[in-house]
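Reading through the structure tokens given below for one structure.
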Amino acid sequence: MLRTTVSKSLKSGLRLSSTASVRVANIAPRYISTVRVASKRQGLSLISKRPSMALNNSHIQTRGYAEVVKVPDMAESITEGTLKSFEKEVGDFVELDEEIATIETDKIDVSVNAPFAGTITEFLANPEDTVEVGQPLFKLEPGEGGAPKAAAPKETPKEEPKKEEVKKEEPKKEAAPAAAPAAPAAPAPKKAAPAPAPAAESKPVQAGSRGETRVKMNRMRLRIAERLKESQNTAASLTTFNEVDMSSLMEMRKLYKDEILKKTGTKFGFMGAFAKAATLAMKDIPSVNAAIEGPNGGDTIVYKDYVDISVAVATPKGLVTPVVRNAESLDVIGIEKAISDLGSKARDGKLTLEDMAGGTFTISNGGVFGSLYGTPIINMPQTAVLGLHGVKDRAVVVNGQVVSRPMMYLALTYDHRLLDGREAVTFLKTIKELIEDPRKMLLL
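If you read the sequence shown in full-length UniProt numbering, its first letter stands for residue 1, the second for the next number, and so on.
Spelled out as structure tokens, the structure:
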């Protein structure tokens with residue numbers, strides 16, 4: 001009885017529902033040549049109308065199966081992000097590795113690219129949604145050149161003629177001949193120019209707006225706030241200051257910057273010199289490059305034989321700290337080049353998670369924005385951060401004489417739990433000495 005019913009359904013060419021088709025496929029498989037799943041919305045359809053009969057290719061649907069693309073792995077410490085936007089529309093055709101969506105994390109923006117060429121059939125999340133790693137994001141149907149058809153309707157400017165019709169009506173209104181002659185009679189109103197005087201009465205209305213605008217903090221800004229507050233709540237922060245005469249370093253830069261630029265393509269700045277000076281000073285004070293780990297605020301000191309310098313870079317979204325790896329093995333120009341490359345990537349929004357991970361010591365240069373003095377905040381779990389500031393000509397005493405010198409204030413904020421005052425002051429003083437006589441860096 002069942003076989004007869006199935007056979008009749010097949011001969012009549014009926015399209016079965018998803019549930020019915022599954023049952024038929026399980027009970028009477030030899031009566032069905034092909035069962036194809038297009039999508040949940042389309043359900044299951046029987047392609048061959050005649051059982052046990054060779055299939056005609058013209059009866060087979062050429063449409064492919066839409067595959068679900070999920071939120072990719074981003075990093076061990078990142079499990080979720082905010083879906084910032086979809087760069088494409090449903091129905092658009094995308095090539096392999098073409099960007100489809102952008103996910104904002106607390107460190108960088110992650111692009112989700114097409115794993116293969118195909119057509120977007122459905123979005124499974126909305127912008128501003130919090131999405132987790134492995135969560136379905138959109139559906140992509142493999143194929144070639146499916147989007148041009150969808151793009152065609154966008155090009156049809158059928159509404160433009162309507163705008164032209166409106167313009168045609170406007171001249172009719174202006175065509176009133178009676179209004180034109182009335183213009184000469186207007187001179188009298190010109191004398192009424194003093195009328196603006198009453199306008200002065202409306203000025204008080206414009207004085208002082210009391211409007212408010214509320215903007216939700218982006219994920220990066222929230223994470224920055226959390227980390228800065230964590231630093232204040234965890235570390236026993238203390239800042240020590242010193243000042244450095246920049247004359248010798250500036251003179252060296254003036255003499256060799258053109259030659260260095262020509263040979264290496266790198267501009268000779270100050271950051272590379274300060275970073276190198278810091279790595280050399282750490283040889284005498286290794287605690288600066290150490291970190292506290294363990295439960296209840298930490299019970300273990302970890303000393304590292306490498307120096308990864310985090311360089312603070314301001315971006316439109318907030319402060320980021322890409323890392324120069326193994327700075328102890330680089331010379332001044334090598335560090336300068338690495339910093340320059342990371343800075344460019346940060347401003348262009350091209351930093352990777354690998355560029356941001358780790359770091360054992362941070363240098364922040366507020367002088368590029370005109371800062372004269374400041375106390376930087378420790379980038380946990382690091383132990384110290386060096387703050388550079390603006391170079392200003394000031395009167396100083398040299399060999400009993402008052403002279404003008406380009407001076408910079410230095411600030412070292414350190415975790416007093418690990419670093420004592422004597423060590424912190426000695427570390428900063430060593431940096432000062434190396435900068436005031438850069439030749440010493442060639443000897444250490």
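We treat Cβ as the ideally placed atom computed from N, Cα and C, and that holds for glycine. Treat the numbers as computed from the prediction; the structure is a model and nothing was measured.
Pair within 8 Å by beta-carbon distance, residue i and residue j
{"i": "Y303", "j": "A290", "result": "yes"}
{"i": "E104", "j": "K88", "result": "no"}
{"i": "N113", "j": "E99", "result": "yes"}
{"i": "V385", "j": "V396", "result": "no"}
{"i": "I378", "j": "A235", "result": "yes"}
{"i": "D92", "j": "I120", "result": "yes"}
{"i": "K70", "j": "L137", "result": "yes"}
{"i": "V323", "j": "T383", "result": "no"}
{"i": "L372", "j": "Y414", "result": "no"}
{"i": "I335", "j": "K276", "result": "yes"}
{"i": "E141", "j": "G118", "result": "yes"}
{"i": "D308", "j": "G358", "result": "yes"}
{"i": "P376", "j": "V391", "result": "no"}
{"i": "V90", "j": "F116", "result": "no"}
{"i": "A424", "j": "T240", "result": "yes"}
{"i": "I292", "j": "P438", "result": "no"}
{"i": "A66", "j": "K139", "result": "yes"}
{"i": "L412", "j": "L388", "result": "no"}
{"i": "T82", "j": "R219", "result": "yes"}
Alpha-carbon spacing of residue i relative to residue j, whole angstroms
{"i": "P286", "j": "A278", "result": "11 Å"}
{"i": "L330", "j": "L444", "result": "13 Å"}
{"i": "T19", "j": "E80", "result": "Because T19 carries a pLDDT of 38, less than 50, the predicted location of this residue cannot be relied on, and the following value inherits that uncertainty. Spanning the two alpha carbons is a distance of roughly 36 Å."}
{"i": "R394", "j": "K432", "result": "17 Å"}
{"i": "D245", "j": "G269", "result": "16 Å"}
{"i": "D106", "j": "A314", "result": "15 Å"}
{"i": "A338", "j": "R227", "result": "25 Å"}
{"i": "A281", "j": "M441", "result": "10 Å"}
{"i": "R347", "j": "D109", "result": "12 Å"}
{"i": "S237", "j": "K267", "result": "34 Å"}
{"i": "D341", "j": "Q401", "result": "42 Å"}
{"i": "V320", "j": "T213", "result": "26 Å"}
{"i": "L419", "j": "V311", "result": "21 Å"}
{"i": "H416", "j": "K229", "result": "17 Å"}
{"i": "K257", "j": "S248", "result": "14 Å"}
{"i": "R50", "j": "P72", "result": "With a pLDDT of 36 at R50, under the threshold of 50, the modelled position of this residue cannot be trusted, and the question is left open."}
{"i": "G318", "j": "R221", "result": "6 Å"}
{"i": "E354", "j": "K345", "result": "12 Å"}
{"i": "G265", "j": "I333", "result": "10 Å"}
{"i": "K149", "j": "S111", "result": "Interpretation of K149 is limited by its pLDDT of 44, a score under 50 that renders its predicted location unreliable; the figure taken from the coordinates is listed afterwards. Taking the straight line joining both Cα atoms gives about 26 Å."}
{"i": "G143", "j": "T102", "result": "23 Å"}
{"i": "Q232", "j": "Q135", "result": "35 Å"}
{"i": "I60", "j": "T352", "result": "Because I60 sits at a pLDDT of 31, beneath the cut-off of 50, its placement in the model cannot be relied upon, and the following sentence gives the value as read from the coordinates. Near 45 Å, if we compare the C-alpha coordinates of T352 and I60."}
{"i": "T130", "j": "G343", "result": "29 Å"}
{"i": "M250", "j": "N296", "result": "46 Å"}
{"i": "V68", "j": "F86", "result": "15 Å"}
{"i": "K254", "j": "V398", "result": "22 Å"}
{"i": "I78", "j": "E259", "result": "43 Å"}
{"i": "G208", "j": "G370", "result": "31 Å"}
{"i": "T360", "j": "R210", "result": "46 Å"}
{"i": "D284", "j": "R223", "result": "34 Å"}
{"i": "P171", "j": "V368", "result": "For P171, the predicted structure reports a pLDDT of 46, less than 50, and the residue's modelled location is therefore unreliable. The matter cannot be settled from this model."}
{"i": "P316", "j": "M74", "result": "22 Å"}
Which residues DSSP lists as bridging residue i, in chain order
{"i": "N296", "result": "Answer is none; N296 lacks a bridge partner."}
{"i": "N399", "result": "DSSP lists no partner for N399."}
{"i": "residue 458", "result": "The question about residue 458 has no answer, for the chain in this structure spans 1 to 444."}
{"i": "K139", "result": "V68, E122"}
{"i": "S85", "result": "T102"}
{"i": "E80", "result": "E132"}
{"i": "I309", "result": "V324, F361"}
{"i": "D97", "result": "D97 is not bridged to any residue."}
{"i": "L243", "result": "A small fix is needed here, since residue 243 is Glu in this sequence, not Leu. Looking at the DSSP assignment, E243 forms a beta bridge with Y409."}
{"i": "V385", "result": "T362, T413"}
{"i": "T213", "result": "According to DSSP, which records beta bridges pairwise, T213 is partnered with nothing at all."}
{"i": "I301", "result": "I292"}
{"i": "A314", "result": "L319"}
Distance cut-off 7 Å: residue i Cβ against heavy atoms of the ligand NAD
{"i": "V320", "result": "Only the bare structure without any ligand can be found here, which leaves the ligand NAD out of the picture."}
Span of the alpha helix (DSSP H) around residue i
{"i": "A277", "result": "271–281"}
{"i": "L353", "result": "353–356"}
{"i": "N233", "result": "219–234"}
Beta strand (DSSP E) segment containing residue i, residue limits
{"i": "S340", "result": "Run containing S340: none in the beta strand (DSSP E); it sits in the alpha helix (DSSP H), 332–347."}
{"i": "K257", "result": "Unbroken run through K257 is the alpha helix (DSSP H), 247–264; no beta strand (DSSP E)."}
{"i": "G421", "result": "Segment 421–436 is the alpha helix (DSSP H) holding G421; no beta strand (DSSP E) there."}
{"i": "N113", "result": "109–113"}
Proximity test, Cβ basis, 8 Å: residue i and chain D
{"i": "E243", "result": "This model lacks chain D altogether; it includes just one protein chain."}
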